[in-house]
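Peer 1: Take a look at this one; I'll ask things after.
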Amino acid sequence: MAETIRAADILARTARLANEYSFVGLQTIGYSVLGRALFTLSMGRGEKQVYINAAHHGNEWITSLLVLRYLEAYARATQTGDAISGTPASDLFYNTTLFLTPLVDPDGMDIANAQASPDVMAAARQLAQTQPNVPFPEGWKANATGTDLNLNYPAGWDTAREIKAAQGVTGPGPRDYVGSAPLSAPESRAVYDFTRAKDFRLILAYHTQGEVIYWRYGERDPIAAARIGRALAEASGYALEDTPYASAFAGYKDWFIQAFDRPGYTVEAGRGQNPLPLSQLDDMYEKNAPLITTALLSAIEL
Ligand SMILES: [Zn+2]
Numbered sequence: 008m009a010e011t012i013r014a015a016d017i018l019a020r021t022a023r024l025a026n027e028y029s030f031v032g033l034q035t036i037g038y039s040v041l042g043r044a045l046f047t048l049s050m051g052r053g054e055k056q057v058y059i060n061a062a063h064h065g066n067e068w069i070t071s072l073l074v075l076r077y078l079e080a081y082a083r084a085t086q087t088g089d090a091i092s093g094t095p096a097s098d099l100f101y102n103t104t105l106f107l108t109p110l111v112d113p114d115g116m117d118i119a120n121a122q123a124s125p126d127v128m129a130a131a132r133q134l135a136q137t138q139p140n141v142p143f144p145e146g147w148k149a150n151a152t153g154t155d156l157n158l159n160y161p162a163g164w165d166t167a168r169e170i171k172a173a174q175g176v177t178g179p180g181p182r183d184y185v186g187s188a189p190l191s192a193p194e195s196r197a198v199y200d201f202t203r204a205k206d207f208r209l210i211l212a213y214h215t216q217g218e219v220i221y222w223r224y225g226e227r228d229p230i231a232a233a234r235i236g237r238a239l240a241e242a243s244g245y246a247l248e249d250t251p252y253a254s255a256f257a258g259y260k261d262w263f264i265q266a267f268d269r270p271g272y273t274v275e276a277g278r279g280q281n282p283l284p285l286s287q288l289d290d291m292y293e294k295n296a297p298l299i300t301t302a303l304l305s306a307i308e309l
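Numbering (this note's numbering), first residue to last: 8 to 309.
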């Protein structure tokens, strides 16, 4: 395995950011199946709240590094009075508050990278046998008990379950299992509870891959969502598309749009086979720093 980065490294880096910058906040919004803290950073003094989360899918952990790199650059620019992606950081800082959960599925990340404990790896390997066509461990997207966290939200969950059952997935496995009920996984429950406790004007959920932005849930079309989606696409060079039907239900952005009728986007960063190599991170950052800055600017108008 080429990549030996572990969830603990990302969590440590997350905590370090809050230590290094007095104006960066850190909270724990819940715990994973294996008891890891779901760290969430916050930054800004503005009224308009924006939420970004990354790596609902374990083997998409490169997006954790992507969003942390952005927050670090934004914090540095705030401290020095500089711009980020051409926008004065203070414009963002005093008009928005950014919340960031960089790693929603820390346990799944370690499984995908073969960095979990031998017991956890053995249990995951057994679950993975239900889907022999999914490479193990690198194809592991689920949490430690085999629930696909981005199919566990209460927005068309029954439809997602039917679609995945028709594809042959009816129980825990490396991907595509919707869970025993909506929000049955502690990780998605934590993100859900946190979202309900806040007043997010706009959310970005980072995934890999395909360099595409998904913006709608069914026919729902929140005010300004199309316009902002086009701006995000222009900033990044990514395509703006409707979610393919087979993955158009029970995701975080689906639920957010359904529950709040506000703009929510799944951003699929990068290209290739998961986990994407770290060599893609620089290019991914070049495309997504302007996207995130645009999202924050757009939220000011909402
Ligand atoms: Zn994903």
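Virtual Cβ for every residue (Gly too), placed ideally from N, Cα, C.
Return the CA-CA distance between A9 and Q216, expressed in angstroms with no decimal places.
Peer 2: Per-residue confidence for A9 stands at a pLDDT of 49, beneath the threshold of 50, marking its modelled position as unreliable; the derived number appears in the next sentence. Whole-angstrom Cα-Cα distance: 19 Å.
Peer 1: Between G236 and L247, what straight-line distance do the alpha-carbon atoms span, to the nearest angstrom?
Peer 2: Each residue's CA atom was taken as its position, placing G236 and L247 some 7 Å apart.
Peer 1: For a test of your reading of the model: does the CB of E67 fall under 6 Å from any non-hydrogen atom of ligand 1? Yes or no.
Peer 2: yes
Peer 1: Between I230, D165, T70 and R234, which has its C-alpha nearest D268's C-alpha?
Peer 2: I230
Peer 1: Tell me the residue span of the beta strand (DSSP E) that contains Y58.
Peer 2: K55 to A61
Peer 1: With V219 as the anchor, note down where its beta strand (DSSP E) starts and where it stops.
Peer 2: V219 to Y221
Peer 1: Which word fits A240, buried or exposed, when buried means at least 16 other C-beta atoms lie within 10 angstroms of its C-beta?
Peer 2: Under the 10 Å beta carbon count, A240 is surrounded by 16 or more other beta carbons and is classified as buried.
Peer 1: On the premise that L18 lies in contact with A44, defined as a C-beta separation below 8 Å, what is that separation, rounded to the nearest angstrom?
Peer 2: With a contact defined as Cβ atoms closer than 8 Å, A44 and L18 qualify at about 7 Å.
Peer 1: Does Q122 pass the burial test, meaning 16 or more other C-beta atoms within 10 Å, or should it be called exposed?
Peer 2: buried
Peer 1: Note down, in chain order, each residue of its chain lying with its Cβ closer than 8 Å to the Cβ of G292, except the 5 sequence neighbours on either side.
Peer 2: According to the sequence displayed, residue 292 carries Tyr and not Gly. Excluding residues within five positions, the ones whose Cβ falls inside 8 Å are L73, R76 and Y77.
Peer 1: Quick one: is N140 buried, meaning 16 or more other Cβ sit within 10 Å of its Cβ, or exposed?
Peer 2: exposed
Peer 1: Mind pulling the alpha helix (DSSP H) runs of 4 or more residues that sit fully within the stretch 59-99?
Peer 2: Taking only runs of at least 4 residues, the alpha helix (DSSP H) segments lying wholly in the stretch 59-99 are 69-87.
Peer 1: Going by C-alpha distance, which of D289, Y272, R278 and G258 is nearest H63?
Peer 2: G258
Peer 1: What are the start and end residues of the alpha helix (DSSP H) that includes Q287?
Peer 2: Bounds of any alpha helix (DSSP H) do not take in Q287, whose DSSP letter is neither H nor E.
Peer 1: Would you mind stating whether M116 and W68 have Cβ atoms separated by less than 7 Å?
Peer 2: yes
Peer 1: Hey, out of A306, S187, G271 and T301, whose CA is closest to A90's CA?
Peer 2: Here the closest residue by C-alpha is T301.
Peer 1: Quick check on DSSP: helix, strand or coil for A9?
Peer 2: Unreliable positioning characterises A9 in this predicted model, as indicated by a pLDDT of 49, which lies under 50. A coordinate reading is not provided.
Peer 1: Can you find the residues in the same chain that come closer than 7 Å, C-beta to C-beta, to S195, ignoring five residues on each side of it along the sequence?
Peer 2: For S195, the CB contacts under 7 Å within the same chain, skipping 5 residues up- and downstream, are L156, N159 and Y160 in chain order.
Peer 1: Measure the alpha-carbon distance for I59 versus G186 and round it to whole angstroms.
Peer 2: 23 Å
Peer 1: On the premise that S71 lies in contact with L105, defined as a C-beta separation below 8 Å, what is that separation, rounded to the nearest angstrom?
Peer 2: About 16 Å; that fails the 8 Å criterion.
Peer 1: Quickly, what does DSSP pair Y213 with across the bridge? List them, please.
Peer 2: A61 and V274
Peer 1: Should A173 be labelled buried (16 or more other beta-carbon atoms within 10 Å of its own) or exposed?
Peer 2: exposed
Peer 1: Using only the alpha-carbon positions, how far apart do F263 and A96 sit?
Peer 2: Their backbone Cα atoms lie some 27 Å apart in a straight line.
Peer 1: Between which two residues does the beta strand (DSSP E) holding G32 run?
Peer 2: Start and end: V31 to Y38.
Peer 1: Compute the Euclidean distance between the alpha carbons of V198 and V111, then round it to the nearest angstrom.
Peer 2: 8 Å
Peer 1: Which of the three DSSP states is assigned to A188 in this structure?
Peer 2: coil
Peer 1: Are the Cβ atoms of V40 and A130 separated by less than 7 Å?
Peer 2: no
Peer 1: On the three-state DSSP scale, how would you describe F267?
Peer 2: Helix.
Peer 1: If we ignore side chains and look at the alpha-carbon of each, how far apart do G1 and G93 end up?
Peer 2: The displayed coordinates of the chain run from 8 to 309. Any statement about residue 1 would go beyond what the structure contains.
Peer 1: Pull up the distance between the alpha-carbon of G153 and that of G65, whole angstroms please.
Peer 2: 11 Å
Peer 1: If I'm right that A306 touches K55 with Cβ under 8 Å, what's the distance once you round it to whole angstroms?
Peer 2: 5 Å
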